Amino acid sequence: MIIDFHAHIFPDKIAEKASKGIEKFYDMPMRSDGRISSLLEQGSQAGVDRYVVHSVATIPEQVESINQFIKNSVQSYPEQLIGYASMHPGYKDIEKELELAIKDGLKGVKIHPDFQEFLLDDEAAYPMYECIEGRLPLLIHSGDYRYEYSKPERLARVLDRFPELTVIAAHFGGWSVWGEAAKILSGRGVYVDTSSSLYALSPEEARKIIDVYGVDHVLFGTDFPMWTAKDELAMLDKITMTPEERDMILSKNALKLLT
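Residue numbering for the sequence shown follows this note's numbering, starting at 177 and increasing by one per position.
In structure tokens:
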């Protein structure tokens, strides 16, 4: 089984515009358009079975509509899509929305401090973490050399304050600051995903990072629509690992978080 743990999806009518927005933010070309149909098509060609899907509420007012979209998408493709709710620290009733997300069968929460423009360790975000802690895993965009919002040291402070928070630090713990993130987050029990990282790391560097976090805490992710499953799997296969380790990264670790 292959589970893509990091895929962004958007309603068809805004998918192309949203994907172009990501392209502009990172100054990197998108490989697809962010539509669910495109995700399923390119994933099936590469042998992907299931996808953890989410989107980011850049302002608090988007939280409810995004979560409704994710819920509807999962209901339309229950055998393939697994939904993560969006949340924003400025949202008016985090507890109520989180309870609704759980009732609706969403399996985690996604935040992106750089898109949402809040410091990860700002005390204003603490009520959000308090609501999520011990209830759902939290997938966090981590790291960007250009911004302060999601720096790995800020995540470390959040982990100190909320030790029962299950965190998936996307992009091997810190996009564009992989080595720094590995030093800061080593031994902290965080999960990481492989998304938007393998293109910039040698197979040897990637293996070292996997060993830092532990192969049992690494998840396969594409960051669709930025990358395709075919290309990401090809890069993953260049990393020296046993068949059992590969299975752990591709699905077994994910299943632990999803059950």
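Even glycine gets a Cβ: it sits at the ideal position worked out from N, Cα and C. It should be emphasised that the depicted structure is a prediction, and the values quoted were computed from it without experimental measurement.
Problem - As assigned by DSSP and simplified to three states, the class of Y302 - result: helix
Handout entry: Buried or exposed by the 16-neighbour rule on C-beta atoms within 10 Å, applied to E118
Key = An answer regarding residue 118 cannot be provided, because it is not within the stretch 177 to 435 covered by the chain.
Practice task
Keeping to the same chain, check which residues put their C-beta closer than 7 Å to that of D290; ignore five residues upstream and five downstream.
Solution key: For D290, same chain residues with a beta-carbon under 7 Å away, outside a window of 5 residues either side, are H317, D320, Y323, Y325, S326 in chain order.
Exercise for the section: Tell me whether R226 sits in a helix, a strand or coil according to DSSP, three-state version. Expected result: strand
Handout entry: Own chain residues within Cβ distance below 8 Å of E275, not counting five before or after
Key = none
Practice task
Going by CA-CA distance only, name the one from A332, R211, D298, M177 that's closest to E183.
Solution key: This sequence places Ala at residue 183; Glu is not what is there. With distances taken between Cα atoms, A183 lies closest to R211.
Handout entry: CA-to-CA distance, G197 to V391, given in whole angstroms
Key = 33 Å
Practice task
Determine which residues share a DSSP beta bridge with H184 and list them.
Solution key: H230
Handout entry: Straight-line Cα distance separating R311 from F201
Key = Answer to the nearest angstrom: the Cα atoms are 32 Å apart.
Handout entry: Counted within 10 angstroms of its Cβ, other Cβ atoms place Q218 as buried (16 or more) or exposed
Key = buried
Problem - Cross-strand partners of V368 (DSSP beta bridge) - result: A345, V394
Handout entry: Three-state secondary structure assigned by DSSP to S362
Key = coil
Exercise for the section: Let me know the secondary structure DSSP gives S378 once reduced to three states. Expected result: Coil at S378, not helix or strand.
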